[in-house]
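Plus 61 on top of the position in the sequence shown (first one is 1) and you've got my numbering. Let me begin by presenting the structure, written as structure tokens, before commenting on it.
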Amino acid sequence: MRYLRLILTLFLSLSFLSSVSAQEQKGFFGRTIDRLTAPSRQLDPNAVYQPVPRWTFAITGDLRQAGFTQNQEYTVSTMYRDPETGERGFIDLPVIISAKLHSRMDRSIGIQAGFGNLSIALSKKFHGEGFDDVFSFDYQSAAYAVQVQFLNLSNPVEYSYITAEEGNEYYRRDDGVTNNPGHLKSFIVDAFYAFNRRSFAYSAAYKGNLFQRHSAGSWMFGSKIIMGEYQIDPAEMLSELTGYQARQTSAQVSFGGGYSYNFVPFHRQPYAERDKGLRNLTINLTFLPMFTFFNQFTNTSYKYPEAGSVFEENEKTVMNGKLLVNYVARAGIGYTYNLFTANLYVSNDSFSYKGIAKTNLIVKDNIVNTSGKFFQGMVALRLGMRF
62 MRYLRLILTL
72 FLSLSFLSSV
82 SAQEQKGFFG
92 RTIDRLTAPS
102 RQLDPNAVYQ
112 PVPRWTFAIT
122 GDLRQAGFTQ
132 NQEYTVSTMY
142 RDPETGERGF
152 IDLPVIISAK
162 LHSRMDRSIG
172 IQAGFGNLSI
182 ALSKKFHGEG
192 FDDVFSFDYQ
202 SAAYAVQVQF
212 LNLSNPVEYS
222 YITAEEGNEY
232 YRRDDGVTNN
242 PGHLKSFIVD
252 AFYAFNRRSF
262 AYSAAYKGNL
272 FQRHSAGSWM
282 FGSKIIMGEY
292 QIDPAEMLSE
302 LTGYQARQTS
312 AQVSFGGGYS
322 YNFVPFHRQP
332 YAERDKGLRN
342 LTINLTFLPM
352 FTFFNQFTNT
362 SYKYPEAGSV
372 FEENEKTVMN
382 GKLLVNYVAR
392 AGIGYTYNLF
402 TANLYVSNDS
412 FSYKGIAKTN
422 LIVKDNIVNT
432 SGKFFQGMVA
442 LRLGMRF
């Protein structure tokens, strides 16, 4: 219900701002909406058709898989006895703990509402265990695109605990699944800029607000901000194996560049009002490698509770991740018939981290080599109508 209230609030806000912009005496918000939805003066009308901004409502359906994986590696010393001499000593053994919180290929349905280049949307999983909800806001013009997403995912966490290597007498492997679901919340901001501001419209295949008349491409600059929280119940065995590290927050900032291309098999200009006669088919391919320059994670460990008490936070350790190369990939097809637009698109985001974390486990040098990845793949269908 809180998501429904939020999307209704934003929708009413857009309605109010739009009505304000239509008045003769326009305030700050009205002028802002005008600037955000106004046709671009730099676009060549022979290359891109810019219709009058209209209200748009759409139904969306998607197949989506999102998740989070993490590997922790450290060394422990254990006592052993030489079978030949009987002498006792210590031997170092590697330990690997792998955890995976992910959704299966979830089926979701959603709604989208917007005006011109602006829109808000809510998508919810409708079958299976756990939940996988996405709330988003986006602004897509010819040269600029900004999308803000909030992902809320809950599912059991699968994990494995491996000591030593196969064939070693100390080799041990335990696999398990948490009794209670883990939670992953991510706040994601994507921003893109197209250098070809004359004859290219990035949103042509995804939105239905601009229409590419002839095939064209552009070099792109992109940035991504991810702020996330991964959490499990401190009472889980997985938490005990990692020194009761049951919560992790993250902050990542990435920049990069790549190329985007719109292929237009056909386009027909409208011949009457309300875009009657408009026909368009546009296919887009976009690929942007990105460098993750800022990559910081905070692990929170908990105290084992005394009888009758509950787990409490014990210590927080900050891990600064290393410079990594990640990527964003998009592919979309948009078909328009008068005021109706159908969009089918595929996206894949993969962002990794790697660094050293501290722990209160009894391990060599008190350090844990930690690596992980956030991923989100989606195939989505959007059916929209402009009014």
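Glycine included, every Cβ here is placed at the ideal spot set by N, Cα and C.
Selected residue, minimal CA-CA separation from N240, among S215, E226, I94: S215
Can you list the beta strand (DSSP E) stretches of 3 or more residues lying completely in the stretch 178–246, in chain order? 179–186, 192–201, 205–216, 218–224, 233–238
Between L405 and L349, is the Cβ-Cβ spacing less than 8 Å? The answer is no: Cβ separation not under 8 Å.
Where N178 and V113 are concerned, what is the direct C-alpha to C-alpha distance, given to the nearest angstrom? Those two C-alpha atoms are separated by around 11 Å.
Close Cβ partners of Y291 (< 6 Å) along its chain, the five nearest in sequence each way excluded: For Y291, where only same-chain residues beyond five positions count, the Cβ hits under 6 Å are F129, L245, Q309.
How about S432 and N213: do their beta carbons lie closer than 8 Å? Taking 8 Å as the Cβ cut-off, S432 and N213 do not qualify as a contacting pair.
Straight-line gap, F198 to A206 (C-alpha atoms, nearest Å): 11 Å
Local Cβ density within 10 Å of E297, reported as buried at 16 or more and exposed below that: buried
T397 (DSSP reduced to helix, strand or coil): In the structure shown, T397 sits in a strand (DSSP, three-state: E or B).
Can you give the Cα-Cα distance for L124 and Y141, rounded to whole angstroms? Roughly 52 Å between the two C-alpha positions.
L299, enclosing beta strand (DSSP E) - first and last residue: Where L299 is concerned, there is no enclosing beta strand (DSSP E), although the alpha helix (DSSP H) it sits in stretches over 298–302.
I'd like the list of long-range same chain contacts for Y64, defined as Cβ closer than 8 Å, with 5 residues on each side in sequence excluded. Caution applies to Y64, whose pLDDT of 44 falls short of 50 and renders its modelled position unreliable; the model cannot decide the point.
Supposed close pair F211, F248 - CB separation, criterion 8 Å: Here F211 really is in contact with F248; their C-beta atoms are around 6 Å apart, less than 8 Å.
For the beta strand (DSSP E) containing T130, name the first residue and the last one. 116–142
CB-CB under 8 Å to A108, same chain, minus the five flanking residues each way: which ones, in chain order? R259, S260, F261, Q273, R274, H275, A277
Quick check on G283: buried or exposed, where buried means 16 or more other Cβ atoms within 10 Å of its Cβ? buried
What residue from G269, N356, E134, A127 has the CA that sits closest to M288's CA? N356
Between which two residues does the beta strand (DSSP E) holding S432 run? 428–447
Considering only the beta carbon of each residue, do Y222 and I158 sit closer than 8 Å? yes
N323 and A252: beta carbons closer than 8 Å? no
Beta-carbon proximity check, S370 vs Q306, cutoff 8 Å: no
Segment contact, 8 Å Cβ cut-off, at least three pairs: the stretch 398–417 with the stretch 326–337: yes
DSSP-derived helix/strand/coil call for L104: coil
Please report the straight-line C-alpha distance between I417 and L154, rounded to a whole angstrom. 18 Å
For the beta strand (DSSP E) containing A160, name the first residue and the last one. 149–163
Could you check the C-alpha separation between G150 and T139 for me, to the nearest Å? Cα to Cα, the separation comes out at about 8 Å.
A266 - partner residues in DSSP beta bridges: When DSSP reads this structure, A266 sits in no beta bridge, so it has no partner.
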